[in-house]
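Heads up: the sequence shown begins at 1 in my numbering, then just goes up one per residue.
Report on one structure; see the data block that follows.
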Amino acid sequence: CITAMSQTCYSLDAPIQNTLKPGKDDKNGDTMYDLVECKVDDSEYQKLQRSLMKDHLVDTIKRYLSPHEVDILLLRYGLMDERTLPHGFSGPLTIAEVSRLVGLKPDKVRRMINNSLRHLRPLIAAEWEDFESVLE
């Protein structure tokens, strides 16, 4: 307790004085706060936010569409976990690639995607309205 009481306290607003610094009469106004100011790396936060939004979007799609329609949309727009895709496929796939994976003709896949999106639009518009500001 005596050791703690004998410690020197410093104010974050106190100017920093460095006698070894050339031009020490320079009044640039550096303070302790400038040294210990927290620099936040937003990249990890943004990755986590995108991952959570992706999971929420997939859950929302699964609520309203059949499993086959969900798989086609996830493949087409790159929302499917890449570990579950066959070797050589990653990210958003073309309609031709999706049709090869699911065993349907490209025109049928295109129609299913359009019908699914047309079906989803009015159902999830209100739910995803709040996310528009985050996506911009």
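Every residue gets a Cβ at the ideal spot worked out from N, C-alpha and C, and that includes glycine.
Look at T31 here: in three-state DSSP terms it is strand. The segment 45-92 contains, as complete alpha helix (DSSP H) runs of 4+ residues, the segments 67-76 (chain order). If you draw a 10 Å sphere on the C-beta of L93, you find 16 or more other C-beta atoms in it, and that means buried. Residue environment analysis places I72 among the buried positions, since at least 16 neighbouring C-beta atoms fall within 10 angstroms of its C-beta. Less than 8 Å divides the Cβ of V98 from the Cβ of R76.
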